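Read the structure below first, then the notes.
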Amino acid sequence: MTPLTTLQKQDPDIFATILAEQNRQEYELELIASENYASEAVMEATGSVLMNKYSEGYPGKRYYAGQVNIDVVENFAIARAKEIFGAEYVNVQPLSGSPANLAIYLGLLQPGDTVLGMSLDQGGHLSHGHPLNFSGLLYKIVSYGVDKTTEMIDMDEVERIAIESRPRMIIAGFSAYSRDLDWKRFRDIADKVGAYLMADISHIAGLVAGKVLENPVPYCDVVTTTTHKTLRWPRGAIIMSRENLGPALARAVFPGVQWGPHENLIAAKAIAFREALDPSFAIYAKQVVKNAQTLAANLASQELRVVSGGTDNHLMLLDVFGSFGITGKEAEKALEEVGISTNKNMIPFDPRKPLDPSGIRIGTPAITTRGMGENEMEILGNIIVRTLKSREDQNELEKIKQEVKNLCVKFPLYTK
Ligand SMILES: Cc1ncc(COP(=O)(O)O)c(C=O)c1O
139 MTPLTTLQKQ DPDIFATILA EQNRQEYELE LIASENYASE AVMEATGSVL MNKYSEGYPG
199 KRYYAGQVNI DVVENFAIAR AKEIFGAEYV NVQPLSGSPA NLAIYLGLLQ PGDTVLGMSL
259 DQGGHLSHGH PLNFSGLLYK IVSYGVDKTT EMIDMDEVER IAIESRPRMI IAGFSAYSRD
319 LDWKRFRDIA DKVGAYLMAD ISHIAGLVAG KVLENPVPYC DVVTTTTHKT LRWPRGAIIM
379 SRENLGPALA RAVFPGVQWG PHENLIAAKA IAFREALDPS FAIYAKQVVK NAQTLAANLA
439 SQELRVVSGG TDNHLMLLDV FGSFGITGKE AEKALEEVGI STNKNMIPFD PRKPLDPSGI
499 RIGTPAITTR GMGENEMEIL GNIIVRTLKS REDQNELEKI KQEVKNLCVK FPLYTK
């Protein structure tokens, strides 16, 4: 890790805080399903001189001069993303996942159009229709959810709702759903009702890039993804689409939603895309899923209910309230005390409220980046259940905290 020597001299307060966070990441376990660790090369590019440049516009068509190197960087990023996902058009400028999704709505729809997306309390994302988000404020949102018994998406039900509501766009994608999506069926339904099909693969893009999950790009009109989850890339997002939608989406990103792109992050994206093209990334992606499935099986064997009975991807929802009578908020706090980060989460048909729901969401992308495998998932499963069951026993929690730290030391992150 590059020593922050200049920062140390210039601003000891911020230096000390960054160092503290570095230690937290090094010696605690990250189970938040949307987090991961970027490589040092990605972080170096993020802090490079590229951040000084304003480069509104696109390669070859910029508003300001001095773009000779910027254009090279952005073209590398576009070419590498196309190689990974096989998309005809790629825009690497979106600053993050929500602005990328905003650009899709702006580029393809009119305010007031109907959009069909996954219900937020059953796994969808804020930008797929929350009443306080631009999506819910400007568009008519209709939702599909999961089946009450299987806790999986029922595609016949999605079709029924689509036929009834005639959406202009259907969104397939989620923040908290552990099952594979049927892209072909989504395409068929979109064709049947004359809707655009948008996939938001923010959560699973790394698994698609690593060829563990099917690539939705051939089935969709447009695909968005953040670059900082299973992808373990820098913070940001990209948009992919068919060639014919490219001009409308380009205008929607710039000038529609944003002005100057962050070229330091675009360079970091380009570096990370190259990392994902390396054969080792496919091995990583496969291990992420293997680890999630091993952990889910371990937890289920200890009577901790995994929503839908398991996982096909990197994440799972745990019904801690139904299993152990602990709320999601209490579980999150107990695990944080022993050095494990998770997030409280609604489970489908949750009788509790969003700020103190019945579940927690956990995922394996970050711990797999550290090099952990199935053996460690068995250890971790036991640690999680012990923590939840002994959350009022300070001595036991102290003991577990040390075990977590020992595990982290065995799988170093940036201190290798
Ligand atoms: C499916 C999905 N889309 C979009 C986003 C938004 O990404 P960002 O936080 O970069 O705006 C997220 C992140 O939580 C997500 O899970």
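Heads up: the sequence shown begins at 139 in this note's numbering, then just goes up one per residue.
Just so it is clear, CB atoms sit at the ideal spot from N, CA and C, and this is done for glycine as well.
Bear in mind that the values here come from a model prediction, so they are computed numbers and not experimental data.
- Contact between the stretch 259-271 and the stretch 398-415 is absent: fewer than 3 CB-CB pairs across the two stretches fall below 8 Å.
- About 15 Å separates the beta carbons of PRO305 and ALA337, which is beyond the 8 Å limit, so they are not a contact pair.
- Residue pairing for LYS482: DSSP places it in a beta bridge opposite ILE498.
- Between ligand 1 and the CB of HIS452, the shortest heavy atom gap is not smaller than 8 Å.
- Put simply, the stretch 153-173 touches the stretch 496-513. At least three CB pairs are less than 8 Å apart.
- Non-local C-beta neighbours of GLY509 in its own chain, meaning closer than 7 Å and more than five positions away in sequence, comprise PHE549, ordered along the chain.
- When rounded, the separation of the alpha-carbon atoms in CYS546 and SER303 is 50 Å.
- HIS341 has its CB nearer than 8 Å to a heavy atom of ligand 1.
- Of the candidates LEU387, ASN402, ALA203, LEU387 places its Cα closest to the Cα of GLY245.
- Annotated as proximal: MET293 and ILE327, with beta-carbon spacing under 9 Å.
- When secondary structure is reduced to three states using DSSP, GLU194 falls in the coil class, being assigned neither helix nor strand.
- Relative to GLY477, the option among PRO141, THR155, GLU164 whose CA is nearest is GLU164.
- For TYR243, the enclosing alpha helix (DSSP H) begins and ends at 235-246.
- Ranking ILE522, LYS554, THR553 by CA distance to the CA of LYS539 puts ILE522 first.
- The closest heavy atom of ligand 1 lies 8 Å or more from the beta carbon of ASP318.
- THR140 has its alpha-carbon roughly 12 Å from the corresponding atom of GLN146.
- Each residue's CA atom was taken as its position, placing ASN520 and ALA423 some 24 Å apart.
- The continuous alpha helix (DSSP H) containing SER303 extends over residues 293-303.
- For ASP285, there is no enclosing alpha helix (DSSP H), since its DSSP letter is neither H nor E.
- Minimum Cα-Cα distance from GLU226 among the listed residues ILE216, LEU275, MET189 corresponds to ILE216.
- Checking the DSSP bridge columns, you'll see GLU168 partnered with SER479.
- Inclusion of MET256 and GLY283 in the CB contact set at 9 Å is warranted, their separation being smaller than that value.
- When the five nearest sequence neighbours on each side are left out, the beta carbons in the same chain lying within less than 6 Å of the beta carbon of ALA390 are those of ALA241, LEU244, GLY245, in order along the chain.
- By the 16-neighbour rule on beta-carbons within 10 angstroms, ASN271 is buried.
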